[in-house]
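To start, the structure under review is shown below, and the notes come after it.
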Amino acid sequence: MKKLLLFFVGFFIVAALFGQDKVIIRLDKPLPEDVKYFSTNNYDIASVRPGEYLDLVVTAGEFQNLVSQGYNFRIYQTIAEMAANLQPEKGIPGYRTYAQALAELQKIENTYPDICKLYNIGETQGKQYYNAGNNNYVNYQHDIWALKVSDNVELDEDEPAIYYMGLHHAREPLSTEVTFYVLNHLLQNYGVDPEITEAINSKEIWFIPIVNPDGHRIVIEQINTDWRKNIRDNDGNGQITNGSYYYPDGVDLNRNYSWHWGEEGASSNPSEITYCGPEPFSEPELIGIRDLLAARHFVAGISYHTYSELVLWPYGYTSNAVAPDATALAALGTAMGNAIPKLGSGTYTPQPIWALYPASGGTDDYAYGKHGIFCYTIELATQFIPPASQVIQVCQDNLQAALILLNRVNKSTLTGHVTNSVTGEPVVAEVYIQGIDNTGLYREPYKSNEAFGTYYRMLPNGNYTITFSAFGYISQTFNNVNVNNLNQTILDAQLVPAQVITVTGTVTDADTGLPIENASLQIMGSPLEPVHTNAAGQYIIPE
Ligand code: 0X9
Ligand code: CA
Ligand code: ZN
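Under the working numbering, think of the first position of the sequence shown as 112, with each following residue one higher.
Okay, structure coming up:
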């Protein structure tokens with residue numbers, strides 16, 4: 112009885128303190144099963160550092176509930192404290208609004224017209240609702256902006272591309288600040304620092320500072336500083352439904368990519384914080400990113416998030432996931448992690464995504480699984496919205512890692528061109544590496560690109576056996592190709608076209624000897640449609 116009374120008194124104190132407000136609570140030294148429990152039961156996980164702490168975003172009631180279940184949670188931060196960090200009087204630079212970010216991108220394009228080109232790669236849900244006649248979304252007419260930085264910026268040159276993105280998640284505006292910081296650092300040092308000049312001249316560097324402008328507005332305008340998703344009108348009431356316990360509107364943009372979409376760590380419940388959307392790539396905010404990744408030759412990228420001071424790499428969609436490139440991915444991730452000082456002491460922790468908690472449908476799994484891009488999520492800082500005084504510090508601390516990623520392709524990389532030995536035209540060929548591509552979980556075969564026949568394979572140092580193959584060509588294998596960290600290894604392949612012949616024959620039933628009509632035949636690996644036998648069992652596969 113006494114216990115029960117205490118429980119109620121405790122509950123009322125907490126409720127009085129925070130009302131329906133959310134609070135971030137911390138469990139110190141969580142066990143692996145704790146992390147598993149909270150991630151599989153759709154809790155709003157703010158941060159995990161395995162063995163160190165687990166932070167949840169909860170209501171006062173949920174907090175009390177967990178405490179009464181015996182969990183040793185303590186309050187880490189109230190939403191009011193989080194919001195306070197956005198106040199202008201907290202100082203400069205603070206956080207950019209969408210309008211400021213766009214104006215800055217336009218100014219950059221005007222200041223550096225030879226090396227900067229700004230692309231509008233798509234519109235947000237809010238803009239689409241407004242354009243369809245819904246005035247409730249008048250303040251959400253946003254576009255997704257991508258800035259390309261390269262010499263001969265108007266041309267699609269034969270160069271490797273690297274991306275830096277920010278703000279998939281609304282309540283993580285620091286990710287936009289870091290993206291801008293890297294951008295401005297490169298531009299200010301063009302023609303000054305030889306390494307940066309060379310990087311801009313020999314690569315395409317893409318910046319997408321605000322992937323989720325609608326959600327960003329909700330946070331920056333302090334309508335709800337706890338917002339994470341975009342603003343898809345899930346509940347169909349024609350307006351943004353501002354939840355406190357559930358979030359009826361919005362899709363988690365970091366669950367809406369198509370690689371193993373809708374699996375572990377993603378929710379099919381529209382009100383959950385990790386709602387993956389009605390189908391893969393249902394969200395307009397991601398269409399431009401998907402198409403950009405397909406159109407350009409990306410080799411590496413970083414998507415910035417907050418918080419936890421971690422460097423993460425694929426795969427994330429399932430536990431114990433080993434990527435074919437696990438060794439090289441981990442080496443680069445570790446080098447980056449070691450280069451980023453924490454706000455306290457020590458450096459960012461490097462680990463594969465799944466080791467945090469399985470999360471499917473994220474940027475990294477898609478970019479790596481689909482295109483073989485070495486892509487990283489960097490979880491910045493120690494809270495979602497650090498005070499402005501910390502912003503510049505985190506930006507500076509992250510620069511070196513961004514440059515390490517930018518220059519990774521310069522060494523320990525196999526690269527070259529695959530061409531037709533007769534015509535010299537580029538060939539889209541699979542570039543298969545023994546000991547890498549036959550290990551780990553599935554990723555799409557790595558191919559040379561259509562425009563130039565170029566390929567890049569970032570590898571651990573060593574000696575490799577590589578096979579180039581394409582339909583209509585004789586495969587070519589090279590043995591003992593050395594890859595080292597002095598420079599790139601160039602290996603070109605001139606593929607000899609295979610002789611083309613017409614194949615004809617008859618298909619009969621082995622038991623009766625009678626012809627089989629409508630049997631389907633296809634040459635393995637052929638991109639052509641299957642052919643079918645006629646009533647006499649005969650077929651022709653043309654050359
Ligand atoms: O859960 C997430 O989306 C990220 N953490 S956050 O606290 N910023 O929400 C981690 C994403 C890891 N990357 C992928 N799952 N691809
Ligand atoms: Ca709504
Ligand atoms: Zn995030």
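The beta carbon of each residue, even a glycine, is placed where N, CA and C say it ideally should be. These figures come from a predicted structure and were not determined experimentally.
**Request:** Could you tell me how far apart the beta carbons of glycine 233 and proline 395 are, in whole angstroms, since I believe they sit closer than 8 Å?
**Result:** Numbered from its first residue, the sequence shown carries residue 233 at position 122. Numbered from its first residue, the sequence shown carries residue 395 at position 284. So it is a contact: roughly 6 Å between Cβ atoms.
**Request:** Output yes or no for whether 8 Å exceeds the beta carbon distance between glycine 472 and proline 461.
**Result:** Residue numbering aside, residue 472 sits at position 361 when the sequence shown is read from its first letter. Residue numbering aside, residue 461 sits at position 350 when the sequence shown is read from its first letter. Cβ distance not < 8 Å, so glycine 472 and proline 461 don't count as in contact.
**Item:** Presumed contact (8 Å Cβ cut-off) between tryptophan 317 and alanine 272, rounded CB distance
**Value:** Here residue 317 is taken as the residue at index 206 of the sequence shown, counted from 1. Here residue 272 is taken as the residue at index 161 of the sequence shown, counted from 1. Between alanine 272 and tryptophan 317 the Cβ distance is about 6 Å, and since that is below 8 Å, they are a contact.
**Request:** Could you check the C-alpha separation between phenylalanine 563 and phenylalanine 291 for me, to the nearest Å?
**Result:** Against the sequence shown, residue 563 aligns to sequence position 452. Against the sequence shown, residue 291 aligns to sequence position 180. Roughly 31 Å between the two C-alpha positions.
**lysine 218, buried or exposed, once every other Cβ within 10 Å from all chains shown has been counted against 16** = Taking the first residue of the sequence shown as position 1, residue 218 is located at position 107. Classification of lysine 218: exposed, given that the 10 Å Cβ count is below 16.
**Request:** For valine 529, I'd like the list of residues in its chain whose CB is within less than 6 Å of its CB, leaving aside the five on either flank, ordered along the chain.
**Result:** By one-based count along the sequence shown, residue 529 stands at place 418. Closer than 6 Å at the Cβ level, and outside the excluded window around valine 529, lie Val538, Ala540, Ser559, Gly564, Phe579 and Ala604.
**Request:** Go ahead and label histidine 280 buried or exposed: buried means 16 or more other beta carbons lie within 10 angstroms of its beta carbon, across all protein chains shown.
**Result:** One-based indexing of the sequence shown puts residue 280 at position 169. Burial call: buried.
**Prompt:** Between aspartate 476 and ligand 5, is the CB less than 7 Å from at least one heavy atom?
**Reply:** For the structure depicted, ligand 5 is absent and the ligand set comprises only ligand 1, ligand 2 and ligand 3.
**Beta carbon shell of ligand 2 at less than 5 Å from a heavy atom** = Every residue passing the under-5 Å Cβ criterion appears here: Asp344, Asp346, Asn348, Thr352 and Asp360.
**Asked** DSSP three-state call for glutamine 649: helix, strand or coil?
**Response** Mapped onto the sequence shown, residue 649 falls at position 538. Look at glutamine 649 here: in three-state DSSP terms it is strand.
**Asked** Alpha carbon to alpha carbon, how far is glutamate 309 from glutamine 507?
**Response** Taking the first residue of the sequence shown as 1, we reach residue 309 at position 198. Taking the first residue of the sequence shown as 1, we reach residue 507 at position 396. Distance between glutamate 309 and glutamine 507, taken at the CA atoms: about 21 Å.
**Message:** According to DSSP, asparagine 574 sits in a beta bridge with which residue or residues?
**Reply:** Looking up residue 574 in the sequence shown gives position 463. Looking at the DSSP output, asparagine 574 sits in a beta bridge with Asn593.
**Asked** For ligand 3, is there a heavy atom less than 7 Å away from the beta-carbon of histidine 279?
**Response** Sequence index remark: in the sequence shown, residue 279 carries index 168 (1-based). Correct: histidine 279 has its Cβ closer than 7 Å to ligand 3.
**Request:** Pick out whichever of Ala581, Pro435, Val542 and Ile190 has its Cα sitting closest to the Cα of threonine 526.
**Result:** Translated into positions along the sequence shown, residue 526 becomes position 415. Checking every option, the nearest Cα to that of threonine 526 belongs to Val542.
**Message:** By the three-class DSSP mapping on this structure, what secondary structure does methionine 635 have?
**Reply:** Counting from 1 along the sequence shown, the entry for residue 635 is found at position 524. Three-state DSSP puts methionine 635 in coil, outside helix and strand.
**Prompt:** Where do the ends of the alpha helix (DSSP H) carrying proline 305 lie?
**Reply:** Reading the sequence shown from its first residue, position 194 is the one you call residue 305. Boundaries of the alpha helix (DSSP H) around proline 305: 305-313.
**Prompt:** Is tyrosine 275 near valine 293, with beta carbons less than 8 Å apart?
**Reply:** Counting from 1 along the sequence shown, the entry for residue 275 is found at position 164. Counting from 1 along the sequence shown, the entry for residue 293 is found at position 182. For tyrosine 275 and valine 293, yes; Cβs fall inside 8 Å.
**Asked** Going by the C-beta, is asparagine 365 closer than 7 Å to any heavy atom of ligand 3?
**Response** Here the question's residue 365 lines up with position 254 in the sequence shown. Within the cutoff, so yes.
**Asked** What number of angstroms, rounded off, separates the C-alpha of aspartate 166 from the C-alpha of tyrosine 187?
**Response** Walking along the sequence shown from the start, residue 166 turns up at place 55. Walking along the sequence shown from the start, residue 187 turns up at place 76. Whole-angstrom Cα-Cα distance: 8 Å.
**Asked** Is there at least one non-hydrogen atom of ligand 1 closer than 7 Å to the beta-carbon of glutamate 234?
**Response** Counted from its first residue, the sequence shown places residue 234 at position 123. Relative to ligand 1, the beta carbon of glutamate 234 is positioned no closer than 7 Å to any heavy atom.
**Request:** Could you tell me the boundaries of the alpha helix (DSSP H) in which arginine 343 lies?
**Result:** Within the sequence shown, the letter at position 232 stands for residue 343. In this chain, arginine 343 is not harboured by any alpha helix (DSSP H), its DSSP state being neither H nor E.
**Item:** Spatial distance of leucine 625 from isoleucine 400 (CA atoms)
**Value:** Position 514 of the sequence shown, counting from 1, holds the residue named residue 625. Position 289 of the sequence shown, counting from 1, holds the residue named residue 400. Roughly 54 Å between the two C-alpha positions.
**Request:** Just the C-alpha distance for tyrosine 357 and asparagine 183, rounded to the nearest angstrom, thanks.
**Result:** Translated into positions along the sequence shown, residue 357 becomes position 246. Translated into positions along the sequence shown, residue 183 becomes position 72. Using only the alpha carbons, I get a separation of about 24 Å.
**Assumed close pair phenylalanine 495, arginine 160 - CB separation to whole angstroms, cut-off 8 Å** = Here the question's residue 495 lines up with position 384 in the sequence shown. Here the question's residue 160 lines up with position 49 in the sequence shown. Contact between phenylalanine 495 and arginine 160 is absent: CB atoms are separated by about 15 Å, not below the 8 Å threshold.
**Prompt:** Are the beta-carbon atoms of asparagine 367 and glycine 388 separated by less than 8 Å?
**Reply:** For the purposes of this step, residue 367 is identified with residue 256 of the sequence shown, where counting begins at 1. For the purposes of this step, residue 388 is identified with residue 277 of the sequence shown, where counting begins at 1. Yes, the Cβ-Cβ distance between asparagine 367 and glycine 388 is below 8 Å.
**Request:** With hydrogens ignored, establish whether the beta-carbon of threonine 488 is closer than 7 Å to any heavy atom of ligand 1.
**Result:** Here residue 488 corresponds to residue number 377 of the sequence shown, with the count starting at 1. For ligand 1, at least one heavy atom lies less than 7 Å from the Cβ of threonine 488.
**Straight-line Cα distance separating glutamate 640 from leucine 297** = Counting from one through the sequence shown, the residue named residue 297 turns up at place 186. Counting from one through the sequence shown, the residue named residue 640 turns up at place 529. Between leucine 297 and glutamate 640, the alpha-carbon positions lie close to 48 Å from each other.
**Closest Cα partner of glutamate 584 within the set Ser430, Asn590 and Val611** = Along the sequence shown, one-based indexing puts residue 584 at 473. According to the sequence as given, residue 584 is tyrosine; it is not glutamate. When only C-alpha atoms are compared, the closest one is Val611.
**Asked** At a cut-off of 7 Å, is glutamate 283 close to ligand 3 when judged by its beta-carbon and the heavy atoms of the ligand?
**Response** As a position in the sequence shown, residue 283 is number 172, starting the count at 1. Answer for glutamate 283: yes, Cβ within range of ligand 3.
**Item:** Beta-bridge pairing of threonine 528 - partner residues as DSSP gives them
**Value:** Position 417 of the sequence shown, counting from 1, holds the residue named residue 528. With the sequence shown as reference, residue 528 is identified as histidine, and threonine is not the correct amino acid for it. In DSSP, histidine 528 forms a bridge with Thr565.
**Request:** Put valine 58 into one of helix, strand or coil per three-state DSSP.
**Result:** Residue 58 is absent from the structure shown; the chain starts at 112 and stops at 654.
**Prompt:** Hey, would you say threonine 429 sits closer than 8 Å to glutamate 383, going by beta carbons?
**Reply:** Taking the sequence shown and counting its residues from 1, one reaches residue 429 at position 318. Taking the sequence shown and counting its residues from 1, one reaches residue 383 at position 272. In this structure, glutamate 383 does not lie closer than 8 Å to threonine 429 by Cβ.
**Meets three-Cβ-pair contact criterion under 8 Å: the stretch 480-492 and the stretch 408-416** = Touching, per the Cβ criterion.
**Message:** Within a Cβ cutoff of 7 Å, which residues of the same chain sit near tyrosine 241, ignoring the five residues on either side of it in sequence?
**Reply:** Here residue 241 corresponds to residue number 130 of the sequence shown, with the count starting at 1. Cβ-Cβ distances below 7 Å link tyrosine 241 to Tyr248, Val249, Tyr251 and Gln252 in the same chain, with the five nearest sequence neighbours on each side left out; the list follows chain order.
**Buried/exposed call for glutamate 561, threshold 16 Cβ in 10 Å** = Start at 1 with the first residue of the sequence shown, and residue 561 comes out as number 450. Glutamate 561 is exposed by the Cβ-count criterion.
**Item:** Expected contact under 8 Å - CB spacing of threonine 493 and leucine 467 to nearest Å
**Value:** Position 382 of the sequence shown, counted from the first residue, corresponds to residue 493. Position 356 of the sequence shown, counted from the first residue, corresponds to residue 467. At roughly 16 Å, the Cβ-Cβ gap does not stay under 8 Å, so threonine 493 and leucine 467 are not in contact.
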